[in-house]
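With my numbering, letter number 25 in the sequence shown gets 25, and the count goes up by one each step, no holes.
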Amino acid sequence: MSNIVAIVGRPNVGKSTLFNRLIEQKKAIMDNVSGVTRDRHYGYAEWTGKFFTVIDTGGYVVGSEDIFEEAIREQVQIAMEEAGVVLFVVDCITGMTDLDKDFADVLRRSKKPVILVANKADTTEKSYAAMEFYELGLGDPYPISAENGNNTGDLLDAVVANF
Ligand code: GDP
Ligand code: MG
């Protein structure tokens with residue numbers, strides 16, 4: 001199992017915010033590594049003595065909704081090729097969207113461990129909104145706030161349990 005974690009999900013759910021939080025302690029972003037496209041950002045993270053690489057796959061999602069399907073395919077392809085664990089991020093404030101369901105359909109068929117991250121659960125009250133994402137069939141959602149760090153420790157425990 002490679003110690004690589006890929007962050008996938010539709011635009012604006014907070015993938016990049018989560019990426020930045022996970023790599024907070026080791027700000028060694030590897031964007032300029034040869035062979036690395038501008039479409040993905042790599043960073044190093046550490047939790048309880050376990051080291052792993054994080055990929056933010058969302059960088060190429062620019063422009064119209066027409067490319068969403070293509071975006072899903074590309075993100076999932078990166079995740080499948082490179083990652084040992086996939087963090088699938090959804091948004092508690094916006095709630096479930098069709099695109100979340102499309103992502104989930106693809107991810108359920110993959111052989112990789114997928115951790116469902118219900119982001120923007122900034123308060124305990126907001127974290128109740130995470131429950132609707134059980135419906136995606138990807139197990140227990142982890143309600144977190146990438147912005148304020150709420151529950152990210154529990155998420156990291158779940159991530160490194162795979163390594
Ligand atoms: P990405 O497109 O998935 O990479 O999403 P971004 O990380 O760029 O975040 C999209 C927007 O959501 C930004 O305005 C962030 O400030 C906001 N955001 C990200 N994480 C959180 C969070 O935990 N709580 C709240 N309230 N907003 C967040
Ligand atoms: Mg982003």
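Just so it is clear, CB atoms sit at the ideal spot from N, CA and C, and this is done for glycine as well.
Paired residues, beta bridge with residue i - DSSP
| i | result |
| --- | --- |
| GLU125 | Partner(s): none; GLU125 has no beta bridge. |
| ASP157 | Its beta-bridge partners do not exist; DSSP assigns none. |
| ILE115 | LEU87 |
| ARG7 | Arg is not the amino acid found at residue 7; the sequence shown has Ile there. ASP56 and LEU87, per the DSSP bridge assignment. |
| PRO143 | ALA118 |
Endpoints, alpha helix (DSSP H) assigned at residue i
| i | result |
| --- | --- |
| PHE103 | 98 to 108 |
| GLY43 | Careful: GLY43 lies outside any alpha helix (DSSP H), inside the beta strand (DSSP E) at 41 to 47. |
| PHE51 | Where PHE51 is concerned, there is no enclosing alpha helix (DSSP H), although the beta strand (DSSP E) it sits in stretches over 50 to 56. |
Status (buried if at least 16 other CB within 10 Å, exposed otherwise) for residue i
| i | result |
| --- | --- |
| ASP157 | exposed |
| LYS15 | buried |
| LYS26 | At LYS26 the pLDDT is 48, less than 50, meaning the model places this residue with poor confidence; the figure from the coordinates comes in the next sentence. Per the 10 Å Cβ criterion, exposed. |
| ILE78 | buried |
| PHE51 | exposed |
| GLY58 | buried |
| VAL160 | buried |
| SER200 | It is not possible to answer for residue 200, since the shown part of the chain is limited to 1 through 163. |
| ARG21 | buried |
| MET30 | Since pLDDT at MET30 reaches only 48, below the 50 mark, its modelled position is unreliable, and the value read off the structure follows with that caveat. Looking at its Cβ environment, which holds fewer than 16 other Cβ atoms inside 10 Å, MET30 is exposed. |
| THR152 | buried |
CB of residue i within 7 Å of CB of residue j, strictly
| i | j | result |
| --- | --- | --- |
| ALA130 | PRO113 | no |
| ASN162 | VAL85 | yes |
| THR53 | ILE4 | yes |
| PHE88 | ASP56 | no |
| VAL90 | ASP100 | yes |
| LEU138 | ALA104 | yes |
| ILE23 | GLY49 | no |
Where the beta strand (DSSP E) through residue i begins and ends
| i | result |
| --- | --- |
| VAL13 | Element bounds for VAL13: n/a, residue is neither H nor E. |
heavy atom of the ligand FMN below 6 Å from residue i C-beta
| i | result |
| --- | --- |
| PRO143 | Among the ligands modelled here, namely the ligand GDP and the ligand MG, the ligand FMN does not occur. |
Segment contact flag, the stretch 102 to 120 with the stretch 136 to 150, C-beta cutoff 8 Å, min 3 pairs = yes
Do the stretch 127 to 138 and the stretch 4 to 14 make contact, defined as three or more Cβ pairs closer than 8 Å?
-> no
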